[in-house]
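The sequence shown begins at 12 in our numbering and counts up one residue at a time.
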Amino acid sequence: ELCFSPVKNATADGVKLQSKGTAPGVAATGEADQYAATRKIMTSIGCKIEDAEPVEFEGIKVVAGPEVVLKPSFVVCPAEYKKHFPDPSKIKISSRSSLIIKGEGITVESL
Numbered sequence: 012e013l014c015f016s017p018v019k020n021a022t023a024d025g026v027k028l029q030s031k032g033t034a035p036g037v038a039a040t041g042e043a044d045q046y047a048a049t050r051k052i053m054t055s056i057g058c059k060i061e062d063a064e065p066v067e068f069e070g071i072k073v074v075a076g077p078e079v080v081l082k083p084s085f086v087v088c089p090a091e092y093k094k095h096f097p098d099p100s101k102i103k104i105s106s107r108s109s110l111i112i113k114g115e116g117i118t119v120e121s122l
């Protein structure tokens with residue numbers, strides 16, 4: 012569940028799959044699932060992240076945000092998150108936010 016999210020189906024096929032309760036496997040859900048995986052890890056260490064409301068694109072329902080991208084030069088695995096966010100209770104990300112962090116030696120003390 013953390014993030015096996017294939018991107019292999021045409022949108023029309025994805026709509027049919029999603030209507031049956033199956034993951035649609037389209038580009039929109041693949042991207043949204045990557046953002047969600049990072050949010051889940053951050054939330055698990057105590058960061059406060061507000062998920063966006065579900066939206067629909069061409070018949071595909073996704074939770075598109077907030078968009079959080081942590082590049083490998085910043086953090087590689089979940090075990091490293093606490094090192095880079097030492098006081099996660101001070102990290103607050105709204106549902107409308109986008110966050111991209113790239114680079115070594117960065118510590119985020121608050122947002």
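Idealized CB from N, CA, C, for every residue including glycine.
Asked, Found
"Top-ranked residue by Cα proximity to I104, from D24, A63, G25", "A63"
"I52, enclosing alpha helix (DSSP H) - first and last residue", "38-55"
"Pairwise C-alpha distance: F15 and F85", "22 Å"
"Pair within 8 Å by beta-carbon distance, I56 and P99", "yes"
"Which listed residue (E115, K101, V66, K72) has its alpha carbon closest to that of P83", "E115"
"Counterpart residues of E78 in DSSP-defined beta bridges", "S109"
"Where V37 falls, given that 16 or more other Cβ within 10 Å makes a residue buried", "buried"
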